[in-house]
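One rule links them: number in our numbering = place in the sequence shown (from 1) + 58.
Where is the CB? At the ideal position from N, CA and C, for every residue including glycine.
These numbers were taken from a predicted model, which means no experiment stands behind them.
Below: one structure, written as structure tokens.
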Amino acid sequence: MGTSRSGRGTATAHRSRLLVPAAVALVAGIGGVAFGLAHDDTVTALGALLFLPSAALLFGIVAKRRGVGPFGSSGRGAD
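This is the structure we're talking about:
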């Protein structure tokens, strides 16, 4: 049997150019929070939290463009 629709959509989404900045924003956010907490630097930790919504938005844009997850088209038509 062939690959399921969700498997193809996920593989296609991994080739998106927006995944690179989304991953960088996620890593920068998590790394900045960890660094700030490890060095008792509240300002750095809170500032790094600003990267996380950007990462979430970029991942959401990729998912919506590729129809992955809850954004995928269902088999049902509009009634």
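For L107, there is no enclosing alpha helix (DSSP H), as DSSP gives it neither H nor E. Look at L95 here: in three-state DSSP terms it is helix. Less than 8 Å separates the beta-carbon of A80 from that of V120.
Here DSSP, grouped into helix, strand and coil, assigns S74 to coil.
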